Structures are given as structure tokens and as C-alpha cells.
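What follows is a single structure, written as C-alpha cells, with notes after it.
Protein chains: 2
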Amino acid sequence: MQSFTEENYLKIIYHLAELTNNVQTNSIAEKMQTKPASVTDMIKKLADKGFVDYIKYQGVTLTEKGRNAAIDIVRKHRLWEVFLVNKLNFKWDEVHDVAEELEHIKSVDLIERLDEFLGFPKSDPHGDPIPDKNGRFAKNHFTKLIELKIGDSGTITGVSQHSSAFLKHLEKLGLTLGKQIQINDVTDFDGSVEILVADKQINISREVAKHILISNNGKN
Amino acid sequence: MQSFTEENYLKIIYHLAELTNNVQTNSIAEKMQTKPASVTDMIKKLADKGFVDYIKYQGVTLTEKGRNAAIDIVRKHRLWEVFLVNKLNFKWDEVHDVAEELEHIKSVDLIERLDEFLGFPKSDPHGDPIPDKNGRFAKNHFTKLIELKIGDSGTITGVSQHSSAFLKHLEKLGLTLGKQIQINDVTDFDGSVEILVADKQINISREVAKHILISNNGKN
DNA sequence: AATAATTTTTAGATTTACCTAAAAATAAAA
DNA sequence: TTTTATTTTTAGGTAAATCTAAAAATTATT
Numbered sequence: 001m002q003s004f005t006e007e008n009y010l011k012i013i014y015h016l017a018e019l020t021n022n023v024q025t026n027s028i029a030e031k032m033q034t035k036p037a038s039v040t041d042m043i044k045k046l047a048d049k050g051f052v053d054y055i056k057y058q059g060v061t062l063t064e065k066g067r068n069a070a071i072d073i074v075r076k077h078r079l080w081e082v083f084l085v086n087k088l089n090f091k092w093d094e095v096h097d098v099a100e101e102l103e104h105i106k107s108v109d110l111i112e113r114l115d116e117f118l119g120f121p122k123s124d125p126h127g128d129p130i131p132d133k134n135g136r137f138a139k140n141h142f143t144k145l146i147e148l149k150i151g152d153s154g155t156i157t158g159v160s161q162h163s164s165a166f167l168k169h170l171e172k173l174g175l176t177l178g179k180q181i182q183i184n185d186v187t188d189f190d191g192s193v194e195i196l197v198a199d200k201q202i203n204i205s206r207e208v209a210k211h212i213l214i215s216n217n218g219k220n
Numbered sequence: 001m002q003s004f005t006e007e008n009y010l011k012i013i014y015h016l017a018e019l020t021n022n023v024q025t026n027s028i029a030e031k032m033q034t035k036p037a038s039v040t041d042m043i044k045k046l047a048d049k050g051f052v053d054y055i056k057y058q059g060v061t062l063t064e065k066g067r068n069a070a071i072d073i074v075r076k077h078r079l080w081e082v083f084l085v086n087k088l089n090f091k092w093d094e095v096h097d098v099a100e101e102l103e104h105i106k107s108v109d110l111i112e113r114l115d116e117f118l119g120f121p122k123s124d125p126h127g128d129p130i131p132d133k134n135g136r137f138a139k140n141h142f143t144k145l146i147e148l149k150i151g152d153s154g155t156i157t158g159v160s161q162h163s164s165a166f167l168k169h170l171e172k173l174g175l176t177l178g179k180q181i182q183i184n185d186v187t188d189f190d191g192s193v194e195i196l197v198a199d200k201q202i203n204i205s206r207e208v209a210k211h212i213l214i215s216n217n218g219k220n
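Taken in sequence, the protein lines are chains F and E. Following full-length UniProt numbering, the numbering of the first sequence begins with 1 at its first residue and continues without gaps. Following full-length UniProt numbering, the numbering of the second sequence begins with 1 at its first residue and continues without gaps.
Given below as C-alpha cells:
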């Protein structure tokens, strides 16, 4: 069984691997809030245990075993987030840190019962898919709001930023999961976007628009 | 904040202090499944941090601060046990190990919301009292079943053994919390006890009778 | 292609929680 | 009250995860 720390490394490598194939030491260090030298040490250990393939100076990739372990942690994290929001009335911007701890509780039985208790949810409070107990999940094909053209419309189904500040901001703007939106204009000056939500016209910055994920978008 | 390990030490010292005033190094070592030398090290650290009073060779006692920290962990442990049994349909003999992990999740908010979600329970699935958020709880005054006399009756309201084997055994015998019992006879030969539960006469060993806690007992 | 900049690794230390073996203190028994 | 047994502590060491500083490899730039 992996340690608390090993699990965190695997999870972070997994998420970074969604962006690039070979995950670099430095990017792991940044996410783990630690130093590259420490990462090298841990990578060697994970490689010894068969969780990653590692060639010196070439970064790492997860093995099948490593990916499965990572997906299992992601599953736990997201299920706990659903629990916190749906059952304990946490806001979607308050759950991350607690779920970060809960994801390391080791009991297969616990997670299966929790999954059932929650009604086998398919996605977490931020719209991210929850792997089933076999590690399978539908890969979402979202479009970033920023990439839509004037006149396009769709539904908010996810976010690609989980910071409390960002989520609170969205909440205030009424931009929560499930909301229908339409692009009315894109400002030349700063790239900010005019959108229509719940019959109200609002303006969001480019930075915000980058991290809102839209599905079912009907292009006009 | 205390580490995972420090929390376990505090919890164990707290429970041992319910039996004896000065808690010995050896008994801590036994419960912690570690060596006395390691306990000495940790005790010094806990003393430095102000959690225990410690005089060399004289064992330890919890300070106010130490007791509060310990009670907080006990509170979390017992609330999680209620969650596991009441919400996730765990049996009372299956919850201990998982709760042992969950008790270390640090979020005051989480525990208060969980407490509310569970309806502010007063006792856990084994009948042990749950401290409120200020650390206050009613001290139960149970009588051990073994101490009852022929003709006495009462209600099962606790157990003083939490092993899965013991709890499964009780379950099979129908001796669960809330059950009404009456002492019919005590066997001279082996000290086993004849009791009446749910209109059925059963025989339980002395060892079992020692660990069943009875309240509301009407002596005849 | 040589130099500079960046990234990654090695070498050697530190901290936490643990260990063993031996010494010291306390408690029990002769 | 010695002697013996038990308990506890000290001393010195290990493994995990981290660190800093310096060396090595890779990548980018001139």
C-alpha cells in the first residue's frame, strides 16, 4: 500500500499527465509545494514500486498500476466532495481542502458504501467526472467559454480552476453548474466577454472565461 | 496542531487515564503497539508541548490542554462511527478501524456539520457518550451485567469491549443495544449467566457478561 | 557549434517516529 | 534489607520525506 505522500504524488502526476505526456520534475515540485530534489527522490521510489516509468532527465509517465492508483484517489476525492456539498451543505468553494484529507482514508468498503449512499453520482460539485469502482468514467468534451463565438450558447458544466476565490466569484455572478448561457459580445479592448445568463447581461474577464467549461453548445 | 501520531498517543493516554490516574509507559507502549523506549521519546515531546505532565519514572497525566485535545479526537471518532452505522449501513463491529482513520481529519467545520447532519447524537453505536463541541458529555453510570444478582433486570446500553469478534457474538445472541434483559440464574460451576432476552432464555459466559453494560436496572 | 540558461540529479544534512541494547530507577520478594 | 525482577530511560541508530548547495545533463540562444 502507498503512503499518504506517495498517493499525493501519484494524484498530481496523473493530473499533470492530462496536459503533457512526460511530466517534469519541476512541475511536480511546484504542485507538491516542495523542491525538485525531493521530487527526484520520490520519483525513484515510485519507479521502484512500479507506479511510474522513469528515465533520468526525461520526466515520468504513470504505468497502468500507477494510473489505477491515481484514479482511485481521484474517485475518492470527488465522492467526498459530493458528500460534503450534497449532505453537509458545504459550498463548492469550501470542499477542496477537506476532500484532500478524506481521499486518503483506506477502506474499499467505505467508498463503495459512500458511492451508494450518494446515489452513484457521475460528477462532482465542479463538474468533474467521478470514476466508477472499476476506474471507468466518461471523458467530458467541454469547450472553454473563451473559445465560443458571438451567438453561441450552452450550459455551464464544469470549471478548470478550483480555487476558492474563483468559485466564490462565479457564485456571485450567478455562474453555477447547469446555468444556460449565451455569448453576446467579445470586447476588443481586453478580450472580456459579454454573456447572457438568466436573462441578465453580464461582463466577465478573459481570465474567468478561460476557466468556465461549456457543453451542449449550439453554434449559430 | 498535533500530528497523526501525537493524536493517537493523546487518545490512548486519555482512555488509560479512565482506569488509573498515572498512566505508565508500558501500558501506552502496549496500546500503541510500539516499544517503551519510543513512548518515552513521545512523552517528552507531548510534555514539551504542554499536553501532559510528566515526571520521570512516574508516568504521565493529561493537562487540561491535553484532555481537551483527546476529547476532541474521541468526539470525532464516535461521530464518524454513528455516520458509518446510521448512514452507510455498517455493522457495529465493522466501524472501529475506519473511524480510527477518520478521527484525524482536521476541520472543525466538518465535524460540526456532521454532528448536525446526524442529529446531534448523544452516544455512538457501542453506547459510548459523544462529547458535544465544548467537550461536555454525560458520564454514563452503567453496571456490568456480571455484577447483577438473580432477578435483576435492565437495558443493554453499552459494551466495554469493541473487538469485532465480541460484537459479532453479541449480535448472534441478540444482545444488542436497547435490549431488555433479566438475570435468571448464575451457574456455580463456571460463573456463566442465564438471562432472559426477548422472551428467550440464553446462557452467556462470564467473560461475555463482564463486558455488557446495563442501565436502568431494577433490583428486585 | 559553443556558450548560456534551465532543468534535473547527486551528495550530504535534518526531522519525525521508530528501533535495539544497555544503564538506571523503582517495586517486589526473599 | 539485600537481592531480584520489573519498569523506565538513555544512547546511539534507522527509514521516510524533506532540505540546501553544488554538479551534471539537457535545452535554448547566439
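Where a beta carbon is used, it is the ideal one built from N, C-alpha and C, also for glycine. Please read these numbers as outputs of a predicted model, since none were measured by experiment.
When the Cα atoms are used, what is the spatial distance from residue i to residue j?
i                      : j      : result
F:L10                  : F:T40  : 14 Å
E:S123                 : F:I13  : 42 Å
E:N68                  : E:G135 : 7 Å
E:P36                  : F:Q2   : 28 Å
E:L167                 : E:S160 : 10 Å
F:Y54                  : F:K76  : 26 Å
residue 221 of chain E : F:K133 : This structure gives no information on residue 221 of chain E, because the portion of chain E shown stretches from 1 to 220.
F:V85                  : E:V74  : 25 Å
F:K91                  : F:E194 : 26 Å
E:D185                 : E:S153 : 12 Å
E:F137                 : E:H169 : 29 Å
E:T143                 : E:Q182 : 13 Å
E:E116                 : F:H15  : 34 Å
F:I212                 : F:G158 : 6 Å
F:F83                  : F:V95  : 10 Å
F:K210                 : F:L148 : 10 Å
F:E101                 : F:K65  : 22 Å
E:S38                  : E:D109 : 34 Å
F:D48                  : F:M42  : 10 Å
E:Q180                 : E:S107 : 39 Å
residue 222 of chain F : E:Y57  : Absent from the structure is residue 222 of chain F, since the part of chain F shown begins at 1 and ends at 220.
Which of the three DSSP states is assigned to residue i in this structure?
i                      : result
F:T5                   : helix
residue 236 of chain E : Residue 236 of chain E cannot be examined here, being either before or after the span of chain E that is shown, 1 to 220.
E:D93                  : coil
F:P36                  : helix
F:V200                 : For the record, residue 200 of chain F in the displayed sequence is Lys; it is not Val. Three-state DSSP puts F:K200 in a strand.
residue 223 of chain E : Absent from the model: residue 223 of chain E. The displayed extent of chain E is 1 to 220, so no value can be given.
E:G66                  : helix
F:T61                  : strand
E:I12                  : helix
F:L167                 : helix
E:K133                 : coil
F:T25                  : helix
E:D128                 : coil
F:D109                 : helix
E:K144                 : strand
F:I43                  : helix
E:L173                 : helix
F:L118                 : coil
E:L213                 : strand
F:D53                  : strand
Whole-angstrom Cβ separation of residue i and residue j, contact assumed at under 8 Å?
i      : j      : result
E:N140 : E:P125 : E:N140 to E:P125, Cβ: 15 Å. No contact.
E:K114 : E:L88  : Just to set this straight, residue 114 of chain E is Leu in the shown sequence, not Lys. That pair is no contact at about 13 Å.
F:E112 : F:A99  : In fact, because the Cβ distance is near 18 Å, the residues do not count as touching under 8 Å.
E:I156 : E:G178 : 7 Å
F:F51  : F:T34  : Not confirmed; about 18 Å, so no contact.
F:S215 : F:N203 : Rounded, the Cβ-Cβ distance is 22 Å, inconsistent with contact.
Would you mind sorting residue i into buried or exposed? The rule is 16 or more other CB atoms within 10 Å of its CB.
i      : result
F:N21  : exposed
F:N26  : exposed
E:G151 : exposed
F:L19  : exposed
F:V23  : buried
F:H104 : buried
F:V208 : buried
F:G59  : buried
F:D72  : buried
F:A198 : exposed
F:G119 : exposed
E:F171 : Per the sequence shown, residue 171 of chain E should be read as Glu rather than Phe. Label assigned to E:E171: exposed.
F:A70  : buried
E:A165 : exposed
Taking a cut of 8 Å between CB atoms, which residues from the segment 129–163 of chain E lie near chain F? none
Looking at chain E, which residues of the segment 92–111 of chain F have a Cβ within less than 9 Å of any of its Cβ atoms? E94, D97, V98, E101, L102, H104, I105, K106, S107, D109 and L110
Proximal residues, the segment 71–92 of chain F versus chain E, C-beta separation under 8 Å: L84, K87, L88, N89 and F90
In chain order, what residues of the segment 113–124 of chain F put their CB closer than 7 Å to some CB of chain E? R113, L114 and F117
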